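The sequence shown begins at 0 in numbering that gives the first Met the number 0 and counts up by one.
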Amino acid sequence: MPSRPGSSVTLDAFTGRYAQRTHGMTASEIRALFAVASRPEVVSLAGGMPNLSALPLDAVGKLMGELVQTRGAQALQYGSGQGVPELRELICEVMALEGIEASAEDVVVTVGSQQALDLVTRVFIDPGDVVLAEAPSYVGALGTFAAYQAEVVHVEMDDSGLVPEALREAIGRVNAEGKRAKFLYTVPNFHNPAGVTLVESRRDEILQICQAAGLLVLEDNPYGLLGFDAPPTRAIRARGGQDDVLYLGSFSKTFAPGLRVGWVLAPHAVREKLVLAAEAAVLCPPTFNQMVLADYLSTQDWQGQVAAFCGMYRERRDAMLDALGQLMPVGTTWTHPTGGFYVWVTLPGGLDTKVLLPRAITARVAFVPGTAFYADGTGRQHLRLSYCYPEPDRIREGVRRLATVLDEEVELRATFGATGPLRPSRRQAESPSPDMA
Ligand SMILES: Cc1ncc(COP(=O)(O)O)c(C=O)c1O
């Protein structure tokens with residue numbers, strides 16, 4: 000609506016009419032970044048896009064064509080709100096790799112695991128309910144929790160994942176305030192954004208703490224099969240959690256996110272509510288995409304493909320860790336992921352990644368500032384780097400550009416006396432190679 004002369008400019012003429020729940024909806028840092036970070040001259044270490052160049056696209060194209068020709072009328076039709084039965088059976092086989100014994104009856108196929116997050120939150124959260132979530136947490140989950148007006152209480156992690164004692168304390172604090180925590184949201188494997196994995200020895204304990212407190216566990220596991228060194232760790236759901244754990248899976252990282260197929264494995268009673276919520280939202284998940292996946296899983300060497308992805312991501316992880324080790328300023332620390340896509344970097348005291356981001360973009364490298372991963376706006380000292388998409392040489396160049404920005408900041412602060420222990424990097428960064436310029 001154009002503003003009248005003399006009136007103040009209204010940016011959004013609908014402001015007074017939006018529902019309360021929209022107040023928590025703000026553009027994530029990642030979203031605002033994508034426009035600039037996707038320019039070819041910028042090395043994006045920001046997004047978590049899987050690298051699909053290793054997929055057998057010819058074979059996928061062929062099976063899609065055959066699907067339309069042979070079963071097109073079914074594939075292009077509405078389907079069940081719970082998802083295609085054949086795919087749900089295959090999903091149970093996928094989950095068996097992490098020790099889960101499940102019936103296809105209890106699987107609900109969703110539009111990516113992002114929709115599973117939405118459905119679970121819709122079914123369990125009233126405004127003001129507490130969700131316990133790791134500090135830091137996946138930005139997309141925080142967005143969903145905000146949209147349903149949940150209060151997020153963060154729980155500390157260390158290099159071994161969520162800290163059981165911190166969980167006990169957080170539950171105690173929430174109870175003492177007379178509030179109600181409904182579930183614990185956790186990403187146990189190759190955490191986004193922290194890059195750490197919950198060690199075996201803590202998994203049973205965390206489940207027991209939640210069971211004793213009457214809390215559900217929302218186990219979000221899109222990266223579990225992308226381990227570089229060891230077979231998958233047994234899921235929390237597989238440790239006697241069939242009545243207390245809602246397990247979320249996805250084909251986005253092990254196959255392709257464009258199909259938008261994920262799932263939730265829920266206790267039987269909850270399953271029914273989730274299907275009703277899913278039907279209210281989308282009627283049914285896309286039949287064609289589910290049938291493509293069912294054909295892919297049953298006719299292709301999909302586990303060999305996942306192994307190929309792992310080899311590629313391992314090489315990129317190595318490139319990133321090597322470059323960080325050579326170039327980061329003294330006092331910087333980072334996690335050492337054994338799978339997945341992400342490294343979590345902690346800068347020396349006083350450096351603010353939100354302030355540094357525009358400078359980094361000018362220097363043609365993008366990262367995600369830590370604040371994106373905390374519901375309470377903290378996290379300025381951290382940043383997330385992802386190594387999944389760029390080639391190893393680009394990763395090294397991206398880290399080099401980042402190190403230059405950090406070194407400049409450290410020197411600036413040293414000059415103006417704000418720094419204390421900060422010193423420039425161990426090794427001076429090289430000038431950019433011509434092909435990277
Ligand atoms: C931890 C986590 N959960 C859920 C998702 C959503 O994945 P999708 O909706 O593509 O299955 C992502 C995507 O990056 C993620 O990292």
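All C-beta atoms, glycine included, are put in the ideal place defined by N, C-alpha and C.
For clarity, every value in this text was computed on a predicted model and none was experimentally measured.
At least one heavy atom of ligand 1 is found less than 7 angstroms from the C-beta of P256. Sequence-distant Cβ neighbours of E278 in its own chain, meaning closer than 8 angstroms and more than five residues away, are G80. Out of G60, Y386, L264, the CA that lies nearest to the CA of L323 is found in Y386. Straight-line measurement puts the Cα of G339 at about 7 angstroms from the Cα of G226. DSSP places D117 in the uninterrupted alpha helix (DSSP H) bounded by 111 to 123.
For L382, the uninterrupted beta strand (DSSP E) run begins and ends at 381 to 385, by DSSP. Proximity of the beta carbon of Y388 to ligand 1 is not indicated: no heavy atom of the ligand is located closer than 7 angstroms.
DSSP lists E155 as the beta-bridge partner residues of A134. Spatial neighbours of A58 in its own chain (CB-CB distance under 8 angstroms, excluding positions within 5 residues in sequence) are listed in chain order as Q299. Taking non-hydrogen atoms of ligand 1 into account, the C-beta of P221 is found less than 7 angstroms away from one of them. Cβ-Cβ separation between V263 and L245: approximately 6 angstroms, consistent with a contact (criterion under 8 angstroms).
Exclusion of the five residues before and after G78 leaves C283, T286 as the residues of its chain whose Cβ lies within less than 6 angstroms of its Cβ.
The bridge partners DSSP lists for D219 are L247.
According to the DSSP assignment, F287 belongs to no beta strand (DSSP E) but to the alpha helix (DSSP H) extending over 286 to 298. Its Cα nearest to that of Q210, the residue K181 stands out among V129, S200, H267, K181. Following the DSSP letters along the chain, one finds V305 inside the alpha helix (DSSP H) bounded by residues 301 to 326.
Residue pairing by DSSP places L161 opposite M156 in a beta bridge. Nearest in C-alpha terms to E271, of all of V108, S52, V67, C91, is V108.
Taking the Cβ atoms as the reference, T332 lies roughly 5 angstroms from T345, within the contact range of under 8 angstroms. Ranked by how close their Cα comes to the Cα of G303, the residues A45, M24, L54 have L54 in first place.
Non-local beta-carbon contacts of F366 in its own chain, meaning distances under 6 angstroms to residues more than five positions away in sequence, involve L44, A45, L382, L384 in chain order.
Per the coordinates, the alpha-carbon of E155 lies some 13 angstroms from the alpha-carbon of V186.
For the 8 angstroms CB-CB criterion, G239 and L206 form a contact.
Note that the region 189 to 201 touches the region 151 to 166; at least 3 beta-carbon pairs, one per stretch, sit closer than 8 angstroms.
Here G240 carries a coil assignment [DSSP, helix/strand/coil]. By DSSP's assignment, V269 forms no beta bridge with any residue. In the DSSP assignment, T185 forms a beta bridge with E218. DSSP places V59 within a helical segment (H, G or I) once states are collapsed to three.
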